[in-house]
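Student: Residue numbers (my numbering): 385 to 762.
Built from N, CA and C at the ideal position, the CB exists for glycine as well.
Here's a structure for you.
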């Protein structure tokens, strides 16, 4: 009797299992379709946003291309860049699941790329973010109006920009520029082992040494100039710091005349004061703006030196004072006095990254100042 009672139960269970499986299968199928549908929706959204972004960039490029200054700027820029934009879209799928991020990449045509590169300062990002230099200051020397400011009070190593102060001390010393100066072992760089074509024993006039120190950033020449100062190196360095204080360069300190030491420090704001003082010295103006100089050694051999600032050779620039600098701690540095729209302008760029970045920053700032002569401090 018990066996007879169990038989119908077993038969009922066997009939219920297929029905239950069918329900579960249907639910799984529905869930899969829902997830698939939402993934498809996410992909469509990505495609839509990518298309919108392309249209937005094309519109900006067309506007930039229509500007009269665009053609001139593009002509000054060369090379190819790739505009690559990645869109990440996250969409909620069924339950707690999240769709994967989808990357969409596209490359603009070459002509558009060149325009974007030439006008990258017109983007919506803050202008200060467009410069490669960590510190920068641009000042109208006649009115003392600050045209551009980025971290101008940060104290930084200034590398060979130090040689501008070295030159100022030499030119104001009253010492004869015809006096002969000899390179000795004391002038050899044992700190960074920088190279020099002025061998130990080389004799040149004070004027020639100053010319090479400023135009070509010749370290041995700068060091020798300081050694031949009355009282020697200690007196010369003391004179550098005294001059800095007299010019109001409150955040500037020197320990040697070349800039090879990272302990030679200043700020972009202080260096505009040095540029103002240096611009009053005709020799500094001449020597820093020359593109080449040939010196004849005692044995008759001639050495040709070039300016470390390639912009002095560019006819589009009217440079009055120029000095470059680099050590690892300071990065690429450049200071200049130039004329922009008939204005005498001091430019300072410190700790720029990239071999040509300081030149690029100077070009970008000139274009920026030319476009708006009524800039307020940024």
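I need the DSSP call for residue 666, collapsed to helix, strand or coil.
Tutor: Looking at residue 666 - three-state DSSP - the assignment turns out to be helix.
Student: Looking at C-alpha atoms only, which residue of 732, 600, 753 is the closest neighbour of residue 538?
Tutor: Ranking 732, 600, 753 by Cα distance to residue 538 puts 732 first.
Student: In the DSSP assignment, find the beta strand (DSSP E) that holds residue 731 and state where it starts and stops.
Tutor: Element bounds for residue 731: 727-736.
Student: At what residues does the beta strand (DSSP E) containing residue 533 begin and finish?
Tutor: Its beta strand (DSSP E) spans residues 529-534.
Student: How big is the Cα-Cα spacing for residue 584 and residue 572?
Tutor: Answer to the nearest angstrom: the Cα atoms are 8 Å apart.
Student: Which of the three DSSP states is assigned to residue 748 in this structure?
Tutor: Three-state result, residue 748: helix.
Student: Just to confirm the assignment: which complete beta strand (DSSP E) runs, minimum length 3, are found wholly within the region 604-679?
Tutor: Taking only runs of at least 3 residues, no beta strand (DSSP E) segment lies wholly in the region 604-679.
Student: If you pair each beta-carbon of the region 654-669 with each one of the region 703-722, do three or more pairs fall below 8 Å?
Tutor: Yes, since at least three Cβ pairs between the region 654-669 and the region 703-722 fall closer than 8 Å, the two stretches touch.
Student: What number of angstroms, rounded off, separates the C-alpha of residue 594 from the C-alpha of residue 649?
Tutor: Cα to Cα, residue 594 sits roughly 22 Å from residue 649.
Student: Within 10 Å of its beta-carbon, does residue 699 have 16 or more other beta-carbons around it, so buried, or fewer, so exposed?
Tutor: Counting Cβ neighbours within 10 Å, residue 699 comes out exposed, since fewer than 16 surround it.
Student: Leaving out the 5 sequence neighbours to the left and right, which residues in its chain are closer than 8 Å to residue 710 when beta-carbon positions are compared?
Tutor: Cβ within range, chain order: 543, 544, 716, 717.
Student: Comparing C-alpha positions only, which one of 558, 561, 689 sits nearest to residue 596?
Tutor: Considering only alpha carbons, the answer is 689.
Student: What number of angstroms, rounded off, separates the C-alpha of residue 687 from the C-alpha of residue 708?
Tutor: When rounded, the distance between both Cα atoms is 21 Å.
Student: What distance in whole Å lies between the Cβ atoms of residue 559 and residue 768, which are believed to be in contact at a cut-off of 8 Å?
Tutor: No statement about residue 768 is possible, as the shown extent of the chain runs from 385 to 762 and does not include it.
Student: Do the CB positions of residue 691 and residue 644 come within less than 8 Å of each other?
Tutor: In this structure, residue 644 does not lie closer than 8 Å to residue 691 by Cβ.
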